[in-house]
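A.B. asks: Numbering (our numbering), first residue to last: 2 to 255.
Heads up, the beta-carbon is just placed ideally off N, CA and C, and yes, glycines get one too.
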């Protein structure tokens, strides 16, 4: 009987606040991709050990380490990470494919943030083709549209969720890149795999896009479960001096 009385007394002493502190933190927001009552979409792939990297069968692998751990007696947790500047959802700078631009300092820190933020169009590319000049013509993208995100078969195939690099991904061919530069006002090109250029012809489309340093390439976007149409895009690279690319956090706002 006395033991029961002690338990009841203990329960009275423990306030709701104390009990709440004893619980584990809630984690329902950990993997959210839609915010603001369906108006904000996270179009960034999470960086994880099993995501694909260029020409690798093994995926990214371990990229982050705890250098200070509270479990091991430290007063705080502190991590360090190591990864390619072209990991996951990322942005290419002109110095990625032009040595003279790299030497001149045209790195991610030089990119125009006005281009990376503003009205954008999400379009569905025909699923039976790379992005050629004919495909670009068929999309009928109006003059004045400055930012376009191209959703392709890559999204349907969930290639960014597969550890092994897949060279059969869909992207721009040289003539498609040239047609875009010559016949549209597009300054931001967004694609849904690790490269904006098809694997069979990787460098030429990059050279065409980045030659005049007016177009910015955003690669590895997460474009599933979003209706095609007009949005505002916000995409920001890390401000790193000397980097030819950078992982980025990109969102669409309806």
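From which residue to which residue does the alpha helix (DSSP H) around residue 211 run?
C.D. replies: Start at 1 with the first residue of the chain shown, and residue 211 comes out as number 210. Where residue 211 is concerned, the enclosing alpha helix (DSSP H) stretches over 204-211.
A.B. asks: What does a CB cutoff of less than 6 angstroms around residue 166 pick up in its chain, not counting 5 residues either side in sequence?
C.D. replies: For the purposes of this step, residue 166 is taken as residue 165 along the chain shown, with counting starting at 1. The residues are 53, 56, 57.
A.B. asks: Need the endpoints of the alpha helix (DSSP H) that residue 180 sits in, please.
C.D. replies: To locate residue 180, count along the chain shown from 1; it is residue 179. Element bounds for residue 180: 175-184.
A.B. asks: What's the C-alpha gap between residue 209 and residue 182?
C.D. replies: Numbered from its first residue, the chain shown carries residue 209 at position 208. Numbered from its first residue, the chain shown carries residue 182 at position 181. Going from the Cα of residue 209 to the Cα of residue 182 covers about 8 angstroms.
A.B. asks: Could you check what DSSP says for residue 116 in three-state terms: helix, strand or coil?
C.D. replies: Here residue 116 is taken as the residue at index 115 of the chain shown, counted from 1. Looking at residue 116 - three-state DSSP - the assignment turns out to be coil, as it is neither helix nor strand.
A.B. asks: Compute the Euclidean distance between the alpha carbons of residue 190 and residue 77, then round it to the nearest angstrom.
C.D. replies: Taking the first residue of the chain shown as position 1, residue 190 is located at position 189. Taking the first residue of the chain shown as position 1, residue 77 is located at position 76. Distance between the alpha carbons of residue 190 and residue 77 is about 41 angstroms.
A.B. asks: According to DSSP, residue 66 sits in a beta bridge with which residue or residues?
C.D. replies: Numbered from its first residue, the chain shown carries residue 66 at position 65. When beta bridges are read from the DSSP output, residue 66 appears opposite 81.
A.B. asks: Quick check: the segment 230-241 against the segment 193-213, are there 3 or more CB pairs under 8 angstroms?
C.D. replies: Touching, no, given that fewer than three Cβ pairs across the two stretches are closer than 8 angstroms.
A.B. asks: Which of the three DSSP states is assigned to residue 91 in this structure?
C.D. replies: Locating residue 91 in the chain shown gives position 90, where the first residue counts as 1. In this structure, residue 91 counts as strand in the three-state DSSP scheme.
A.B. asks: Could you tell me whether the Cβ atoms of residue 193 and residue 156 are closer together than 7 angstroms?
C.D. replies: Translated into the one-based positions of the chain shown, residue 193 becomes position 192. Translated into the one-based positions of the chain shown, residue 156 becomes position 155. Taking 7 angstroms as the cut-off, the Cβ atoms of residue 193 and residue 156 count as close.
A.B. asks: With 16 as the cutoff for other CB atoms within 10 Å, does residue 108 come out buried or exposed?
C.D. replies: On the chain shown, position 107 is the one that residue 108 refers to. Buried: at least 16 other Cβ atoms inside 10 Å.
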